[in-house]
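What follows is a short report on a single structure.
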Amino acid sequence: MESSTTAPPGPYRGGDPWLNFPNEHERGQVLGKGSEGIVESWTHRPSNIVLAVKMIKARSGLPLEVQILKDLPLHPSIIRFDAFYREVLHPRTDCLLFEHCSLGDLFDFRTEILETSNATFSEAFMWSVYHQLSSALAFLHDGIGAPASIDLWKTIVHRDIKAENVLIKTFGAKKDKSSIIIKLADFGLSTFYDPKTSRMPEAWGTTMAWPPEQTWENREATPAGDIWAIGCIVHELAHGFLPLLNWRTFAKAWLTENTIPKDWSQGKKMSFYKAKTPRIVLPINVEPAKQSKDTRRTRPCPKYSDGLNECMMLALEMNMTERATAGSLNSQVEEAHASFLFEELRVQNEEIEKEMQDRSSEDQGFRGQQSQPRSISSNLSSPSALNLPRQLLLKKINIIVDCLGSTKKAPVAAMS
Numbered sequence: 004m005e006s007s008t009t010a011p012p013g014p015y016r017g018g019d020p021w022l023n024f025p026n027e028h029e030r031g032q033v034l035g036k037g038s039e040g041i042v043e044s045w046t047h048r049p050s051n052i053v054l055a056v057k058m059i060k061a062r063s064g065l066p067l068e069v070q071i072l073k074d075l076p077l078h079p080s081i082i083r084f085d086a087f088y089r090e091v092l093h094p095r096t097d098c099l100l101f102e103h104c105s106l107g108d109l110f111d112f113r114t115e116i117l118e119t120s121n122a123t124f125s126e127a128f129m130w131s132v133y134h135q136l137s138s139a140l141a142f143l144h145d146g147i148g149a150p151a152s153i154d155l156w157k158t159i160v161h162r163d164i165k166a167e168n169v170l171i172k173t174f175g176a177k178k179d180k181s182s183i184i185i186k187l188a189d190f191g192l193s194t195f196y197d198p199k200t201s202r203m204p205e206a207w208g209t210t211m212a213w214p215p216e217q218t219w220e221n222r223e224a225t226p227a228g229d230i231w232a233i234g235c236i237v238h239e240l241a242h243g244f245l246p247l248l249n250w251r252t253f254a255k256a257w258l259t260e261n262t263i264p265k266d267w268s269q270g271k272k273m274s275f276y277k278a279k280t281p282r283i284v285l286p287i288n289v290e291p292a293k294q295s296k297d298t299r300r301t302r303p304c305p306k307y308s309d310g311l312n313e314c315m316m317l318a319l320e321m322n323m324t325e326r327a328t329a330g331s332l333n334s335q336v337e338e339a340h341a342s343f344l345f346e347e348l349r350v351q352n353e354e355i356e357k358e359m360q361d362r363s364s365e366d367q368g369f370r371g372q373q374s375q376p377r378s379i380s381s382n383l384s385s386p387s388a389l390n391l392p393r394q395l396l397l398k399k400i401n402i403i404v405d406c407l408g409s410t411k412k413a414p415v416a417a418m419s
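The sequence shown begins at 4 in my numbering and counts up one residue at a time.
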């Protein structure tokens, strides 16, 4: 049986690719495995469109992930949920159909960059990723960007945000990959937030990405934990590791004075150590020569701007009551990102003007050697010609402001 879908209607050549699953589809490769199940690629033969199919153990009712996603409006930075089928492939196995992101996830991309070239990420790339993630959380937590027709918004907490759950749709055309488009995915642990029932079961979540207030004993997963998690991604992209001490070193020291139950699995032990390891946030606006030593560091962190560091610190505030909310964080990131883009374009404009002035000077020198007093090239030195790059700059800035402003809508009322 197929559930409701948030997928946009066609037109698709060959029909909507999520219909008639799996009769018109060809099985592809395994995309990932997890505690909940397995994800595979399936190609809709009539349209040749590839879908990601998540197979989970069948339940009597709708899985909570489906309950959340089936009525969730589309958002550019959240994976698109297409359809839900009951037991169409195997008995006791349900299928969730999603848009396919063929470029993998942010964790694998970061790992590949570090292992192959030990490279760093440009500030433009960092802003792009952070802005998209903060926009996704403002949408999930506060309904910012949701259709005006929705009167009440029920806060959704993801509860497992990490680089592995941020998929890459495209890198875009820019060489530094700052035109990347990402999608927050894997809502298997997500829920509608209720402070009375926010405690996570023991085997759930990625303890390494938990905020300071979420401990092994106190497993309360709050919206503030989601905020910490996206700050962790920025920290990890910049430094190469998450904002906590080396958990292996901590585990060795902890075991000198404590014991752990012998019947615990290795996976449970690791989760325990990672939850217990103290959190420590390192700034990202420090000169490489002044950065603290860390055995996990394979290369220095680039010296990013004070603005980017400040926005990261808003998410990684140790005290959860002082940590930014999703709406306020997105506003800050959005404004700072726009300022960064403005400055980037201003510098480009100055470089273009300087180049045109240099060329104009060369042309004037060349004309002095010619018999004719004027030439077409003399128009380059006119005020209107030199002002052209500035006009283009303002046009680009207006486009950026319009694009940013279009996502800035008044939040709908939260449902208690």
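Using N, Cα and C, we set each Cβ at its ideal position, and we do this for glycine too.
Exercise for the section: Pair every Cβ in the segment 189–204 with every Cβ in the segment 160–171, then say whether three or more of these pairs are closer than 8 Å. Expected result: yes
Exercise for the section: Mind the definition here: the segment 310–322 touches the segment 230–241 only if three or more C-beta pairs lie below 8 Å; say whether that holds. Expected result: Yes, the segment 310–322 is in contact with the segment 230–241.
Practice task
Report the rounded CA-to-CA distance for Ala292 versus Tyr307, giving the unit in angstroms.
Solution key: For the purposes of this step, residue 292 is taken as residue 289 along the sequence shown, with counting starting at 1. For the purposes of this step, residue 307 is taken as residue 304 along the sequence shown, with counting starting at 1. The straight-line gap separating the alpha-carbon atoms of Ala292 and Tyr307 is approximately 14 Å.
Practice task
Pick helix, strand or coil for Trp267, following the three-state DSSP scheme.
Solution key: The residue you call residue 267 lines up with position 264 of the sequence shown. Coil, per DSSP.
Exercise for the section: State the Cα-Cα distance for the pair Leu391 and Asn352, rounded to the nearest angstrom. Expected result: Along the sequence shown, read from residue 1 onward, the residue named residue 391 stands at position 388. Along the sequence shown, read from residue 1 onward, the residue named residue 352 stands at position 349. Low local confidence applies: a pLDDT of 48 at Leu391 is under 50, so the model's placement there is unreliable, with the coordinate-based value given in what follows. The straight-line gap from Cα to Cα measures roughly 10 Å.
Exercise for the section: Please determine, among Pro303, Asn312, Ala327, Thr218, the residue with the shortest C-alpha to C-alpha distance to Lys279. Expected result: As a working note, residue 279 is residue 276 in the sequence shown. Considering only alpha carbons, the answer is Thr218.
Handout entry: CB of Arg282 within 7 Å of CB of Pro246, strictly
Key = Here residue 282 refers to the residue found at position 279 when the sequence shown is read from its first residue. Here residue 246 refers to the residue found at position 243 when the sequence shown is read from its first residue. Their beta carbons are under 7 Å apart, which means Arg282 touches Pro246 by this criterion.
Exercise for the section: Provide the residue span of the beta strand (DSSP E) that contains Thr173, from first to last. Expected result: Position 170 of the sequence shown holds residue 173. Looking at the DSSP string, the run of the beta strand (DSSP E) that includes Thr173 is 169–173.
Handout entry: Per DSSP, the bridge partner or partners of Lys296
Key = One-based indexing of the sequence shown puts residue 296 at position 293. In DSSP, Lys296 forms no bridge with anything.
Exercise for the section: Rounded to whole angstroms, what's the CA-CA distance from Ala224 to Leu332? Just pull it up for me. Expected result: Here residue 224 is taken as the residue at index 221 of the sequence shown, counted from 1. Here residue 332 is taken as the residue at index 329 of the sequence shown, counted from 1. Their backbone Cα atoms lie some 19 Å apart in a straight line.
Handout entry: Buried versus exposed call for Leu72 [16 or more other C-beta atoms within 10 Å across all chains shown]
Key = Here residue 72 refers to the residue found at position 69 when the sequence shown is read from its first residue. So Leu72 ends up on the buried side.
Handout entry: Within 7 Å, strictly: CB atoms of Ile171 and Cys104
Key = Looking up residue 171 in the sequence shown gives position 168. Looking up residue 104 in the sequence shown gives position 101. Cβ atoms of Ile171 and Cys104: closer than 7 Å.
Handout entry: Ser44, DSSP secondary structure in three states
Key = Stepping through the sequence shown from its first residue, residue 44 is reached at position 41. Ser44 falls in the strand class under three-state DSSP.
Practice task
Can you give me the Cβ contacts of Met58 inside the same chain, cut-off strictly under 6 Å, excluding the 5 residues immediately before and after it?
Solution key: Counting from 1 along the sequence shown, the entry for residue 58 is found at position 55. Counting only residues of its own chain and dropping the five nearest sequence neighbours on each side, Met58 has a CB closer than 6 Å to the CB of Gly40, Ile41, Thr96, Cys98.
Handout entry: Which of helix, strand or coil DSSP assigns to Arg89
Key = If you number the sequence shown from 1, residue 89 lands on position 86. Correct three-state label for Arg89: strand.
Practice task
Output the distance between the C-alpha atoms of Asp111 and His28, rounded to the nearest integer angstrom.
Solution key: By 1-based counting over the sequence shown, the position of residue 111 is 108. By 1-based counting over the sequence shown, the position of residue 28 is 25. The straight-line gap from Cα to Cα measures roughly 28 Å.
Exercise for the section: Measure the C-alpha to C-alpha separation of Ala61 and Tyr196 and round it to an integer number of angstroms. Expected result: Within the sequence shown, the letter at position 58 stands for residue 61. Within the sequence shown, the letter at position 193 stands for residue 196. Each residue's alpha carbon lies about 24 Å from the other.
Practice task
Please name the residue, chosen from Ser63, Gly35, Pro49, Leu67, that lies closest to Val56 on a Cα-to-Cα basis.
Solution key: Along the sequence shown, read from residue 1 onward, the residue named residue 56 stands at position 53. Considering only alpha carbons, the answer is Gly35.
Practice task
Indicate the three-state DSSP secondary structure (helix, strand or coil) for Asp74 in the structure shown.
Solution key: Start at 1 with the first residue of the sequence shown, and residue 74 comes out as number 71. In the structure shown, Asp74 sits in coil (DSSP, three-state: anything other than H, G, I, E or B).
Practice task
Look up Cys235 in the DSSP assignment and say whether it is helix, strand or coil.
Solution key: As a position in the sequence shown, residue 235 is number 232, starting the count at 1. Cys235: helix per DSSP, three-state reduction.
Exercise for the section: Whole angstroms is fine: what's the gap from Met211's alpha carbon to Ser138's? Expected result: As a position in the sequence shown, residue 211 is number 208, starting the count at 1. As a position in the sequence shown, residue 138 is number 135, starting the count at 1. Answer to the nearest angstrom: the Cα atoms are 23 Å apart.
Exercise for the section: Excluding the 5 residues preceding and the 5 following Thr123 in the sequence, name in chain order all residues of the same chain whose CB lies nearer than 6 Å to its CB. Expected result: By 1-based counting over the sequence shown, the position of residue 123 is 120. These residues qualify, in order along the chain: Pro305.
Practice task
May I ask which residues mark the beginning and end of the beta strand (DSSP E) holding Gly31?
Solution key: For the purposes of this step, residue 31 is taken as residue 28 along the sequence shown, with counting starting at 1. 28–36 is the span of the beta strand (DSSP E), which, as asked, contains Gly31.
Problem - Alpha-carbon to alpha-carbon, Leu311 and Ser125 - result: As a working note, residue 125 is residue 122 in the sequence shown. As a working note, residue 311 is residue 308 in the sequence shown. Each residue's Cα considered, the two are about 12 Å apart.
Handout entry: Test item: CB-CB of Arg299 and Asn121 under 7 Å
Key = Locating residue 299 in the sequence shown gives position 296, where the first residue counts as 1. Locating residue 121 in the sequence shown gives position 118, where the first residue counts as 1. When the beta-carbon positions are compared, Arg299 and Asn121 stay at least 7 Å from each other.
Exercise for the section: Please state if the CB of Leu54 and the CB of Pro20 are separated by a distance shorter than 7 Å. Expected result: As a first step, residue 20 is located in the sequence shown; it is residue number 17 there, counting from the start. As a first step, residue 54 is located in the sequence shown; it is residue number 51 there, counting from the start. A contact, by the Cβ cut-off of 7 Å.
Exercise for the section: Return the first residue and the last residue of the beta strand (DSSP E) that Leu319 is part of. Expected result: In the sequence shown, counting from the first residue as 1, residue 319 sits at position 316. In the DSSP assignment, Leu319 falls outside any beta strand (DSSP E) and carries neither an H nor an E.
Problem - C-alpha gap between Gln335 and Ser80, whole angstroms - result: In the sequence shown, residue 335 corresponds to position 332, counting from 1. In the sequence shown, residue 80 corresponds to position 77, counting from 1. Whole-angstrom Cα-Cα distance: 18 Å.
Practice task
Can you grab the Cα-Cα spacing for the pair Phe343 / Ser363, in whole Å?
Solution key: Locating residue 343 in the sequence shown gives position 340, counting from the first residue. Locating residue 363 in the sequence shown gives position 360, counting from the first residue. Between Phe343 and Ser363, the C-alpha separation is close to 30 Å.
Practice task
Please name the residue, chosen from Ile185, Asp266, Glu167, Gln294, that lies closest to Gly208 on a Cα-to-Cα basis.
Solution key: What you label residue 208 is simply residue 205 of the sequence shown in a count that begins at 1. When C-alpha distances from Gly208 are compared across Ile185, Asp266, Glu167, Gln294, the shortest belongs to Glu167.
Problem - Range covered by the alpha helix (DSSP H) that runs through Phe128 - result: Along the sequence shown, read from residue 1 onward, the residue named residue 128 stands at position 125. 126–145 is the span of the alpha helix (DSSP H), which, as asked, contains Phe128.
Practice task
Spell out the partners DSSP gives Lys186 in its beta bridges.
Solution key: Here residue 186 refers to the residue found at position 183 of the sequence shown. In the DSSP output, where bridge partners are listed per residue, Lys186 has Leu170.
Problem - Spatial distance of Tyr88 from Gln70 (CA atoms) - result: If you number the sequence shown from 1, residue 88 lands on position 85. If you number the sequence shown from 1, residue 70 lands on position 67. Their Cα atoms are separated by approximately 13 Å.
Exercise for the section: From the DSSP output, in three-state form, read off Asp108 for me. Expected result: The count along the sequence shown starts at 1 and reaches residue 108 at position 105. Strand.
Handout entry: C-alpha distance - Thr119 paired with Cys235, whole-angstrom precision
Key = Translated into positions along the sequence shown, residue 119 becomes position 116. Translated into positions along the sequence shown, residue 235 becomes position 232. Computed Cα separation, rounded: 23 Å.
Problem - Burial state of Pro198 (16 or more Cβ within 10 Å) - result: One-based indexing of the sequence shown puts residue 198 at position 195. By the 10 Å Cβ count, Pro198 comes out exposed.
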